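A.B. asks: Each residue of the sequence shown is one higher than the last, beginning at 25 in the working numbering.
Ideal Cβ positions, reconstructed from N, Cα and C, are used throughout, including at glycine.
Quick caveat: nothing in here was measured; it's all calculated off a predicted structure.
One structure, pasted below without further comment.
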Amino acid sequence: MILDSSVVVAVCLGEPDSTGLHDVLETTDGMKISSASYLESAIVVDARRPGALDRFTTNLEVAVVPFDHEQAEIARIAYRVFGRGSGHPARLNFGDCFSYALAKVTGETLLFRGSNFSHTDVTRMHP
């Protein structure tokens, strides 16, 4: 399963609506996050809860996957089709495209918060 930064940030910061996410994360093996999404999460989490992201990735054994050229091309197309300004209801932002690309490359389910990915063609899990 691929983790979007929205999930990582919510859990690491202990946001009130993250309880359902804990249940999913604790019962799932083989989770992955794009290295670009990892950085995006770190920028937000490290400023508010130092060490929380490291504990999250270590305790849940989340693999950080390098963002490569193949993913960059998929992310580029995703932004063109689903991005803000495209007129598409998904309105993916720059960071969303990293999670989208990794989910497409691996064919794995994407766990996210919000509704934007519901309007795309990725296999998704929304708690």
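#1: Apply the 10 Å Cβ neighbour rule to ILE57 and answer buried if 16 or more other Cβ atoms are within range, or exposed otherwise.
#2: My output table needs one value for GLY107: the three-state DSSP class, helix, strand or coil.
#3: Is there a Cβ from chain B that is less than 7 Å from the Cβ of ARG108?
#4: How close, in whole Å, do the beta carbons of ILE17 and LEU116 come, if the pair is a contact with beta carbons under 8 Å?
#5: DSSP puts LEU49 in a beta bridge; with which residues?
#6: For GLN95, which option in ALA114, LEU77, THR81 and GLY131 has the closest C-alpha, if you only look at C-alpha atoms?
#7: Whose C-beta lies closer than 8 Å to the C-beta of ALA34 among residues of the same chain, with five residues either side of it excluded?
C.D. replies: So, from the data block:
#1: buried
#2: strand
#3: In summary, chain B is missing from the structure at hand, where a single protein chain is found.
#4: The structure shown does not extend to residue 17, since the chain is modelled only from 25 through 151, so no value can be given for it.
#5: Paired residue(s): none; LEU49 is not in a bridge.
#6: Ranking ALA114, LEU77, THR81 and GLY131 by Cα distance to GLN95 puts GLY131 first.
#7: Sequence-distant partners of ALA34 (beyond 5 residues in either direction) whose C-beta falls short of 8 Å from its own C-beta, in its chain, are ASP41, SER42, LEU45 and ARG137.
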